[in-house]
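Novice:
In the working numbering, the protein residues as written are 87 to 201.
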């Protein structure tokens, strides 16, 4: 069963609410819940109605990967390997400092997957 996903974005330098985003490739980790396809599609299509932190990114979605790792575990693994935007998308996960990381495909390697 799939438990989490990671969406990769190409971002220009900008502000997303109270968060300062530097230019680069970012990995956003989220949980799949019941409708993983709908959740990932929302991030890839950039909906007009903004609800979550990730909706405020002014970035171009690149691709997404769905994983069997729990969201919090994936985020914890990345937090020790990639720079992150403190507090971004992690209000319901007190153990992870963020769910937005400045790293590309190497994020998958840091989480324990092979590319």
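Cβ coordinates follow ideal geometry from the N, Cα and C atoms, glycine included.
Suppose contacts are defined by Cβ-Cβ distances below 8 Å. Is residue 162 in contact with residue 176 by that definition?
Specialist: No, the Cβ-Cβ distance between residue 162 and residue 176 is not below 8 Å.
Novice: With distance defined between alpha-carbon atoms, name the residue in 198, 136 and 194 nearest to residue 94.
Specialist: It is 194.
Novice: Quick check: residue 129 and residue 150, are their CB atoms within less than 8 Å of each other?
Specialist: Result yes, Cβ atoms of residue 129 and residue 150 sit closer than 8 Å.
Novice: Which one or two residues does DSSP pair with residue 100 in a beta bridge?
Specialist: The partner list for residue 100 (beta bridge, DSSP) reads 107.
Novice: Looking at the structure shown, is residue 134 part of a helix, part of a strand, or coil, going by DSSP?
Specialist: Coil.
Novice: With a threshold of 16 other CB atoms inside 10 Å of the CB of residue 116, please say whether the residue is buried or exposed.
Specialist: With 16 or more other Cβ atoms within 10 Å, it is buried.
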